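Enquirer: Below is a structure I'd like to ask you about.
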Amino acid sequence: MEIAKSSTILFRNTMRITDGHLDGFRRAIAQAVAFAQEHGPQLMVEVFIDEERMLAHSFQLYRDSDAIRAHWRLSDPYIREVMEHCTVQHFEIFGAPDHDIVAAIKTPDGESFPFVVTPRLAGFNRLGTPGSGESHVADTTPGPQRRDGATRELT
Numbered sequence: 044m045e046i047a048k049s050s051t052i053l054f055r056n057t058m059r060i061t062d063g064h065l066d067g068f069r070r071a072i073a074q075a076v077a078f079a080q081e082h083g084p085q086l087m088v089e090v091f092i093d094e095e096r097m098l099a100h101s102f103q104l105y106r107d108s109d110a111i112r113a114h115w116r117l118s119d120p121y122i123r124e125v126m127e128h129c130t131v132q133h134f135e136i137f138g139a140p141d142h143d144i145v146a147a148i149k150t151p152d153g154e155s156f157p158f159v160v161t162p163r164l165a166g167f168n169r170l171g172t173p174g175s176g177e178s179h180v181a182d183t184t185p186g187p188q189r190r191d192g193a194t195r196e197l198t
């Protein structure tokens, strides 16, 4: 079986929400995601929140490094607003971004943070299927969730 090459790049950003900033963080994320949906080059953006641990996880899928560059140019004010309410705890890049992308991974103020780059082994996507552009509004009603604090770090 031959594995097709892919230029897609997935970002996973784990953010620690600053105490007292939960509402501001939620507003900033909602505005940033709405802007990205309307104007951004991302193929997918999903943000998940763990209020109990004050953590948020953002996943963004890009077609290639050029899409990342375009996102940074377009979204800088929105990224800055989100960063007013959190710090990057860990950042993961899956795929093979261009070297200048890796070199530029910093906060809008130029601060560095821990990150790893993991190359692609295999995979596929069905993002070209009809209806893939639909948006999802989160139901924030509390429901069953794992509360034992167990997590699994990707390495």
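Using my numbering, count along the sequence shown one by one with no gaps and you end on 198. All residues carry an ideal CB built from backbone N, CA and C; glycine is no exception. Computed from a predicted model, the values in this text were never measured in an experiment.
(1) I believe ASP119 touches PRO151 by the beta-carbon criterion, under 8 Å. Please report the beta-carbon distance rounded to the nearest angstrom.
(2) Suppose only complete runs of 3+ residues qualify. What are the beta strand (DSSP E) ranges in the region 71 to 114, listed by chain order?
(3) Check whether the Cβ atoms of ILE111 and ILE72 sit closer than 9 Å, and answer yes or no.
(4) Using only CA atoms, which one of ASP93, ILE122, GLN80 lies nearest to ARG59?
(5) Tell me, please, whether the region 126 to 141 touches the region 153 to 164 by the rule of three or more beta-carbon pairs shorter than 8 Å.
(6) Taking buried to mean at least 16 other C-beta atoms within 10 Å of its own C-beta, is ASN56 buried or exposed?
(7) If you draw a straight line from the alpha carbon of GLU177 to that of LEU104, how long is it in whole angstroms?
(8) Does the distance from the CB of PHE91 to the CB of VAL131 come in under 9 Å?
(9) My output table needs one value for ARG123: the three-state DSSP class, helix, strand or coil.
(10) What does DSSP give as the partner residue(s) for LEU53 in the beta ladder?
Expert: Taking the coordinates as given:
(1) Indeed they touch by this definition, with Cβ atoms about 6 Å apart.
(2) Scanning the region 71 to 114 for uninterrupted beta strand (DSSP E) segments of 3 residues or longer gives 87 to 93, 98 to 105, listed from N- to C-terminal end.
(3) No, Cβ-Cβ distance for ILE111 and ILE72 is not below 9 Å.
(4) The residue among ASP93, ILE122, GLN80 with its C-alpha nearest the C-alpha of ARG59 is ASP93.
(5) They touch, by the three-pair rule.
(6) Classification of ASN56: buried, given that the 10 Å Cβ count is 16 or more.
(7) Because GLU177 carries a pLDDT of 45, less than 50, the predicted location of this residue cannot be relied on, and no value is offered for it.
(8) Contact flag unset, no.
(9) Residue state, collapsed to three classes: helix.
(10) Under the DSSP definition of a beta bridge, LEU53 partners with LEU104, PHE137.
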